[in-house]
């Protein structure tokens with residue numbers, strides 16, 4: 005049984021975080037009897053929907069051995085753009101459409117800068133983080149802007165009795181799984197993460213794939229932004245601050261290697277739910293709100309450490325197998341040679 009569990013965990017990277025989430029949920033259900041109710045479960049999924057949706061896009065970026073620090077700023081600037089456009093035009097459809105297109109283009113711009121200037125994704129997106137957030141503050145004057153009443157359906161409405169954010173998350177999860185497992189883009193993402201040089205040598209469309217992947221991350225971030233401002237009832241100047249680190253932590257906790265090449269969208273979504281459960285647990289314990297950031301930072305550090313430890317162990321195992329194979333191939337034949345009687349010369 006233990007061997008089967010290890011085999012499953014090695015093949016499905018999300019199993020470990022799923023088990024940890026179940027254990028944590030069990031502990032919290034003991035602390036609070038109402039924790040396992042259907043309404044509370046739906047509330048947890050709604051609360052984690054924004055982070056989980058953004059984690060779907062971030063999974064593809066980290067698969068390529070990249071990273072995007074600017075997703076929180078994209079969340080902010082697209083929210084600001086929607087609020088400002090609706091105030092100016094009073095057209096919900098126009099504001100919605102322009103916002104989604106803009107979010108996609110901002111993400112694609114990150115990818116374009118990475119591939120054209122060959123600058124580290126960390127440095128590139130750190131710079132665009134400042135640019136995007138500054139643009140949003142300039143656009144809104146750092147003011148809180150309410151959103152239209154019909155916008156509330158996107159964040160607080162229900163369809164067939166299910167909260168709309170959960171339905172959107174489920175749809176994007178299915179799309180993300182399909183892209184990763186059934187399309188060339190998923191194959192290219194893993195290939196680039198394993199070795200960008202090898203991907204270039206085999207004539208894979210590396211640059212185009214990276215731009216599309218960063219653009220896809222921007223697209224889902226724009227969707228998450230609209231859900232978030234619909235839930236809170238308007239634009240706030242502090243929206244999206246620090247959420248990029250929560251998203252990255254969710255992806256790494258979900259089993260995606262920080263060095264790229266291996267990962268799972270399902271695990272990233274479960275990782276986001278796990279982080280929300282931690283927040284709920286701290287809330288049940290009436291912990292100080294200042295502790296939340298400490299815990300999130302500690303979880304991110306632990307996730308990176310576990311990822312690094314796993315990579316070192318895997319590399320050591322591969323080197324040991326290679327050394328054993330070389331040793332077997334180079335081992336001389338020590339069996340005693342017995343000449344055939346016909347080859348023996350009579351004296």
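Residue numbers (the numbering used here): 5 to 351.
For glycine and all other residues, C-beta sits at the position ideal for the given N, C-alpha and C.
Euclidean distance between Cα positions of residue i and residue j
i           : j           : result
residue 229 : residue 79  : 5 Å
residue 127 : residue 117 : 10 Å
residue 317 : residue 25  : 25 Å
residue 287 : residue 294 : 12 Å
residue 211 : residue 277 : 33 Å
residue 86  : residue 23  : 39 Å
residue 83  : residue 274 : 25 Å
residue 1   : residue 141 : No answer is possible for residue 1: it lies beyond the span of the chain, which begins at 5 and ends at 351.
residue 100 : residue 89  : 9 Å
residue 131 : residue 120 : 15 Å
residue 253 : residue 77  : 17 Å
residue 327 : residue 249 : 39 Å
residue 304 : residue 96  : 38 Å
residue 239 : residue 114 : 24 Å
residue 300 : residue 34  : 23 Å
residue 209 : residue 139 : 32 Å
residue 19  : residue 270 : 10 Å
residue 9   : residue 43  : Any reading at residue 9 is ruled out, since the residue's pLDDT is 45, under 50, leaving its predicted position unreliable.
residue 394 : residue 311 : The structure shown does not extend to residue 394, since the chain is modelled only from 5 to 351, so the question has no answer here.
residue 14  : residue 325 : Confidence is the limiting factor: at residue 14 the pLDDT is only 45, short of 50, which leaves the residue's position unreliable, though a coordinate-based value still follows. For residue 14 and residue 325, the distance between alpha carbons rounds to 17 Å.
residue 191 : residue 292 : 44 Å
residue 32  : residue 180 : 30 Å
residue 321 : residue 258 : 22 Å
residue 73  : residue 205 : 29 Å
residue 329 : residue 123 : 39 Å
residue 106 : residue 81  : 9 Å
residue 108 : residue 215 : 10 Å
residue 143 : residue 315 : 44 Å
residue 313 : residue 319 : 10 Å
residue 247 : residue 201 : 32 Å
residue 94  : residue 146 : 21 Å
residue 50  : residue 309 : 29 Å
Inter-residue CB distance, residue i and residue j (contact presumed, cutoff 8 Å)
i           : j           : result
residue 272 : residue 255 : 5 Å
residue 48  : residue 281 : 7 Å
residue 176 : residue 60  : 6 Å
residue 159 : residue 235 : 3 Å
residue 237 : residue 150 : 7 Å
residue 53  : residue 170 : 6 Å
residue 46  : residue 167 : 6 Å
DSSP state of residue i mapped onto helix, strand, coil
i           : result
residue 163 : strand
residue 243 : coil
residue 149 : strand
residue 238 : strand
residue 11  : Reliability of the predicted coordinates at residue 11 is poor, the pLDDT of 46 falling under 50, and the value obtained from them is presented with this limitation in mind. Helix at residue 11.
residue 184 : helix
residue 257 : helix
residue 122 : coil
residue 37  : coil
residue 177 : helix
residue 202 : helix
residue 129 : helix
residue 353 : This structure does not reach residue 353, given that the chain is present from 5 up to 351, and the question cannot be answered.
residue 353 : The requested residue 353 does not occur in the structure, where the chain is confined to residues 5 to 351.
residue 68  : coil
residue 6   : At residue 6 the pLDDT is 49, less than 50, meaning the model places this residue with poor confidence; the figure from the coordinates comes in the next sentence. Residue 6: helix per DSSP, three-state reduction.
Cutoff 6 Å; reference residue i; Cβ partners in own chain excluding five residues on either side
i           : result
residue 350 : With a pLDDT of 49 at residue 350, under the threshold of 50, the modelled position of this residue cannot be trusted, and the question is left open.
residue 58  : 75, 225, 228, 251
residue 104 : 226
residue 111 : 218, 219, 221, 222
residue 125 : 70, 71, 118
residue 203 : 195, 196, 210
residue 56  : 173, 273, 276
residue 156 : 234
residue 260 : 63, 66, 267
residue 198 : 265
Own chain partners of residue i with C-beta closer than 8 Å, once the 5 adjacent residues on each side are dropped
i           : result
residue 193 : 64, 67, 68, 184, 213, 217
residue 29  : 39, 40, 281
residue 148 : 238, 239, 240, 241
residue 98  : 89
residue 163 : 171
Beta-carbon contacts of residue i that lie in its chain and below 7 Å, excluding the five residues immediately before and after
i           : result
residue 283 : 296
residue 21  : 257, 258, 259, 271, 274, 275, 278
Short CB-CB distance (under 8 Å) between residue i and chain C
i           : result
residue 110 : Among the protein chains of the structure shown there is no chain C, as only one such chain exists.
Contained alpha helix (DSSP H) runs [length at least 4] in the region 70 to 118, N- to C-terminal order: 75 to 93
To test your reading of the DSSP string, which unbroken alpha helix (DSSP H) runs of 4 or more residues are found completely within the region 264 to 327? 269 to 288
Inside the region 206 to 239 only - alpha helix (DSSP H) runs reaching at least 4 residues: 210 to 236
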